């Protein structure tokens, strides 16, 4: 599975937001400066994340963005699904259970694809944004 720039930058932006939005909303310009991401690209990402409820925005002079839910309640999987869509490393009609593949009853390879996809899902759904924020804090303190 290869993640797009959208997913990589979106995750970096949300970690940054989690680090800096505890007391006030964070501007896209400040995130862009710290993360070396263009403001126009961040606007696109934030629009998707806002629509999904992962971020909220405040207008005005002190406006900007903050997390839409506590970081402990946002998994990396939540973020990646918004920015990437599906997370399947391999698609196989035999793993979907809708009879999409004629030979799926006899195909052993589908078990490989299912196990890979299940492992990815488990990894990203159990890794919370709060863990990444704390790790980022530890790294920056050194």
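In my numbering, the protein residues as written are 415 to 556. The C-beta atom is built at its ideal place from N, Cα and C for all residues, glycine as well. None of these values were measured; they are calculated from a predicted model.
(request) Have a look at residue 535 and residue 545 and give me their C-alpha separation to the nearest angstrom. (result) By one-based count along the chain shown, residue 535 stands at place 121. By one-based count along the chain shown, residue 545 stands at place 131. The C-alpha of residue 535 lies about 17 Å from the C-alpha of residue 545.
(message) Please report the distance separating the alpha-carbon of residue 476 from that of residue 440.
(response) Position 62 of the chain shown holds residue 476. Position 26 of the chain shown holds residue 440. Using only the alpha carbons, I get a separation of about 9 Å.
(message) Comparing C-alpha positions only, which one of 418, 424 and 522 sits nearest to residue 396?
(response) As shown, the chain starts at 415 and ends at 556. That puts residue 396 outside it, with no answer to give.
(message) Could you tell me the alpha carbon to alpha carbon distance between residue 433 and residue 454, rounded to whole angstroms?
(response) Mapped onto the chain shown, residue 433 falls at position 19. Mapped onto the chain shown, residue 454 falls at position 40. Inter-residue distance for residue 433 and residue 454 is about 21 Å (C-alpha atoms, whole angstroms).
(message) Going by DSSP in three states, residue 418 sits in which element: helix, strand or coil?
(response) The residue given as residue 418 occupies position 4 in the chain shown. Residue state, collapsed to three classes: coil.
(request) Kindly indicate the opening and closing residues of the alpha helix (DSSP H) around residue 464. (result) Taking the chain shown and counting its residues from 1, one reaches residue 464 at position 50. Taken as a continuous stretch (DSSP letters only), the alpha helix (DSSP H) holding residue 464 covers 453–465.
(message) Mapping the DSSP letters down to three states, classify residue 546 as helix, strand or coil.
(response) Counting from one through the chain shown, the residue named residue 546 turns up at place 132. When DSSP states are grouped into helix, strand and coil, residue 546 belongs to the helix group.
(request) Rounded to whole angstroms, what's the CA-CA distance from residue 538 to residue 490? Just pull it up for me. (result) Reading the chain shown from its first residue, position 124 is the one you call residue 538. Reading the chain shown from its first residue, position 76 is the one you call residue 490. Rounded to the nearest angstrom, the two C-alpha atoms are 5 Å apart.
(message) Only counting the same chain, and skipping five residues up and downstream in sequence, which positions put a Cβ closer than 7 Å to that of residue 447?
(response) On the chain shown, residue 447 is found 33 positions in, with the first residue counted as 1. There are no such residues.
(request) Measure how close the beta-carbons of residue 480 and residue 464 come, nearest whole angstrom, since I'm counting them as under 8 Å. (result) Here residue 480 corresponds to residue number 66 of the chain shown, with the count starting at 1. Here residue 464 corresponds to residue number 50 of the chain shown, with the count starting at 1. 11 Å between Cβ atoms; not a contact.
(request) Compute the Euclidean distance between the alpha carbons of residue 445 and residue 428, then round it to the nearest angstrom. (result) For the purposes of this step, residue 445 is taken as the residue at position 31 of the chain shown. For the purposes of this step, residue 428 is taken as the residue at position 14 of the chain shown. Each residue's alpha carbon lies about 9 Å from the other.
(message) Beta-carbon within less than 7 Å of residue 556's beta-carbon, same chain only, minus the 5 sequence neighbours each way: which residues are those?
(response) Looking up residue 556 in the chain shown gives position 142. Within the same chain, residue 556 has no close Cβ partners at all.
(request) Look at the alpha carbon of residue 473 and the alpha carbon of residue 437, and state the distance between them as a whole number of angstroms. (result) Against the chain shown, residue 473 aligns to sequence position 59. Against the chain shown, residue 437 aligns to sequence position 23. CA-to-CA, the gap between residue 473 and residue 437 works out to about 16 Å.
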